[in-house]
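Residue numbers (my numbering): 3 to 293.
This is the structure:
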């Protein structure tokens with residue numbers, strides 16, 4: 003168990019590191035933007051101190067005027083209305099990521115205590131008891147194995163076919179969930195680009211109305227609308243990365259759970275069990291509920 007936990011930790015370690023790296027880029031961009039000097043006030047009257055023969059600063063050196071420091075919330079506000087759908091998408095992405103880390107694990111697909119109970123039932127050739135265990139303890143392993151047990155009286159081919167079909171069905175449920183991460187990775191940059199385009203339209207409309215008297219205002223407006231594109235990329239990159247991460251993990255735990263099922267079913271004597279009923283019908287007969 004300790005080795006399994008260590009292995010899981012090592013496989014999961016690159017993910018928070020990657021997320022921290024992405025967030026670090028975002029905050030670093032915010033810091034650089036907040037510390038950019040405002041050149042316009044300094045350039046407004048360059049000859050005034052020289053004309054008066056007085057230094058700009060108290061010690062004879064020029065004093066740089068810095069723009070007021072902006073918080074992360076201010077940067078988000080500068081992104082415009084498009085930041086609202088991007089925030090909703092990012093929360094949806096985070097919910098899928100948390101669910102993926104919780105659910106796509108071998109301990110959930112094939113719980114060890116359930117495997118022990120099933121091995122005991124199969125060793126005793128008590129397949130109805132194995133079916134009861136599968137019915138009582140829901141997991142990928144038990145859901146798939148239960149369908150095979152219910153067709154065990156129809157022969158090896160029918161039982162193995164049922165197991166394969168239901169395994170695909172169960173894995174598709176998880177695969178559909180994680181495929182939304184790929185969708186988020188595609189649409190997030192496009193949503194951010196939409197915000198950038200609408201912001202550029204607004205900026206150039208203002209420029210057309212007031213002229214290009216101060217180019218720095220146009221540059222500032224362009225910088226603000228690019229925040230939307232950057233935000234879309236910050237959401238999309240981890241989403242794409244984790245989509246492939248969860249897809250590979252799902253394939254891994256599915257194969258491991260199927261290996262457990264194959265180990266349980268390998269010694270079943272199908273010829274001796276021909277025509278036997280396993281499942282709800284036998285349970286009803288044992289309870290005296292059969293007509």
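We put the beta carbon where it would ideally sit given N, CA and C, even for glycine.
Asked	Found
Mind checking whether residue 135 and residue 262 have CB atoms under 8 Å apart?	no
Go ahead and pull the three-state DSSP assignment for residue 24.	Reliability of the predicted coordinates at residue 24 is poor, the pLDDT of 46 falling under 50, and the value obtained from them is presented with this limitation in mind. Looking at residue 24 - three-state DSSP - the assignment turns out to be helix.
Taking contact to mean at least 3 C-beta pairs separated by less than 8 Å, is the segment 195 to 210 in contact with the segment 172 to 187?	no
Less than 7 Å separating the Cβ of residue 190 from some heavy atom of the ligand ADP?	No copy of the ligand ADP appears in this structure; indeed no ligand is present at all.
Evaluate the contact criterion for the segment 108 to 123 versus the segment 246 to 266: three or more CB pairs, one atom per stretch, below 8 Å.	yes
Note down, in chain order, each residue of its chain lying with its Cβ closer than 7 Å to the Cβ of residue 279, except the 5 sequence neighbours on either side.	155
Report all residues from its chain with a CB closer than 8 Å to the CB of residue 87; omit the five preceding and five following residues, and keep chain order.	193
At which residues does the alpha helix (DSSP H) containing residue 1 begin and terminate?	Limits of the chain in this structure are 3 at one end and 293 at the other, which puts residue 1 out of reach.
On the DSSP letters alone, give me the boundaries of the alpha helix (DSSP H) that residue 132 sits inside.	129 to 138
For a test of the three-state rule: what should DSSP assign to residue 153, helix, strand or coil?	coil
Under the assumption that residue 94 contacts residue 186 (Cβ atoms under 8 Å), give the Cβ distance between them as a whole number of angstroms.	7 Å
Output needed for residue 277: all residues of its chain with C-beta closer than 7 Å, excluding positions within five of it in sequence on either side, in chain order.	155
Measure from the alpha carbon of residue 100 to the alpha carbon of each residue in 183, 226, 158, 207, then state which is nearest.	183
Tell me the residue span of the alpha helix (DSSP H) that contains residue 98.	85 to 105
Cα separation between residue 195 and residue 238?	12 Å
State the DSSP-derived secondary structure class of residue 269, mapped to helix, strand or coil.	coil
For residue 178, does the three-state DSSP call read helix, strand or coil?	helix
Would you kindly report the start and end of the unbroken alpha helix (DSSP H) that includes residue 286?	282 to 288
Assign residue 288 to one of two classes, buried (16 or more other C-beta atoms within 10 Å of its C-beta) or exposed (fewer than that).	exposed
Do you know how far the Cα of residue 129 is from the Cα of residue 284?	11 Å
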